[in-house]
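Step one of this worksheet: look at the structure below.
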Amino acid sequence: MAKIIAELCQNHNGDFNILKDMVYAAKEAGATYGKIQTIFSDELTFRDRFEEGKVENGIVKSIKRPYEPEFTRLKKLDLSYDQQAEFINLCEKAGLKPLTTAFTMESIQKLKNIGFKDIKVASYDCCSLPFLKELKKYFNRLIVSTGATFDSEIEEASEVLHGHNFSFLHCVTIYPTPLNKMNLNRMEYLKEFTPSVGLSE
Numbered sequence: 007m008a009k010i011i012a013e014l015c016q017n018h019n020g021d022f023n024i025l026k027d028m029v030y031a032a033k034e035a036g037a038t039y040g041k042i043q044t045i046f047s048d049e050l051t052f053r054d055r056f057e058e059g060k061v062e063n064g065i066v067k068s069i070k071r072p073y074e075p076e077f078t079r080l081k082k083l084d085l086s087y088d089q090q091a092e093f094i095n096l097c098e099k100a101g102l103k104p105l106t107t108a109f110t111m112e113s114i115q116k117l118k119n120i121g122f123k124d125i126k127v128a129s130y131d132c133c134s135l136p137f138l139k140e141l142k143k144y145f146n147r148l149i150v151s152t153g154a155t156f157d158s159e160i161e162e163a164s165e166v167l168h169g170h171n172f173s174f175l176h177c178v179t180i181y182p183t184p185l186n187k188m189n190l191n192r193m194e195y196l197k198e199f200t201p202s203v204g205l206s207e
């Protein structure tokens, strides 16, 4: 049976009432999961190469994403762990499975303790093997996006997750993804590693 993850992300703009409305709208629309992101402004790292970005011979080596504006943007969107626990209760009351994307080792135990049972892994962490090893100790299912990931990295991730309940999601990290870039046949490749395969877009 198909499962649908409603990506609520940080579209709540830091307003829990908006998040509540989105949870019930997601349920009404037929979603299985309601998903947020566990990311905090205080965890943002200053990296000089992103201040102006870098382009060499017409090829983007690093995007331009200056620290200060990004910190200011994220600060308004922080959801405390207490609020995330409230989100879990809200989802369960609405009939949705609660889900979040974890980004740091430090968050893993806290997310387990407040009640998340499944966890989402962002594309850029598909090849973070120590992170995957730690996550599978605590969560029933890992849902792993595979955008911007080499085949060899997907294979390594599948080896780490072997024997655990996990899904691979095909992802093209262009938002929104044009139809001619979707490459949906890629999901057939992912089925070599797990029968639980989907699309993240």
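Residue numbers for the sequence shown follow my numbering, so the first one is 7 and each next one is one higher.
Don't be surprised by glycine CBs; every beta carbon is placed ideally from N, CA and C.
Neighbour flag for residue i against chain B, beta carbons, 9 Å
i   : result
F77 : The displayed structure is made up of one protein chain only, and chain B is not part of it.
Assigned exposure category for residue i - 16 Cβ within 10 Å defines buried
i    : result
D131 : buried
P182 : exposed
P104 : buried
K139 : exposed
I69  : exposed
H18  : buried
F93  : buried
L167 : buried
Paired residues, beta bridge with residue i - DSSP
i    : result
T44  : A108
E62  : I65
S173 : I149
G204 : L175
Y39  : I11, K103
I125 : L148
Neighbourhood of residue i by C-beta, 8 Å cutoff - its chain only, sequence neighbours within 5 removed
i    : result
A91  : I120, G121
A128 : T107, F109, S151
L14  : L25, M28, V29, A32, G40, K41, I42
Residue j beta carbon less than 9 Å from that of residue i
i    : j    : result
H170 : L196 : no
E57  : Y73  : yes
T44  : L85  : yes
I11  : G36  : no
L83  : Q16  : yes
T179 : G204 : no
F174 : S202 : yes
L141 : I125 : yes
Q115 : F22  : no
Own chain partners of residue i with C-beta closer than 6 Å, once the 5 adjacent residues on each side are dropped
i    : result
S164 : F199
K81  : S47
E101 : The sequence shown places Gly at residue 101, rather than the Glu named in the question. Closer than 6 Å at Cβ, skipping near neighbours: K33.
E207 : T183
K118 : Y144
R55  : S68
Chain-order list of residues whose beta-carbon lies under 7 Å from that of residue i (same chain, five-residue window excluded)
i    : result
S113 : T44
Self-check item: Segment contact flag, the stretch 49 to 66 with the stretch 134 to 150, C-beta cutoff 8 Å, min 3 pairs
Solution: no
Exercise. Count the CB pairs spanning the stretch 146 to 161 and the stretch 74 to 85 that are closer than 8 Å, and state whether there are at least three.
Key: no
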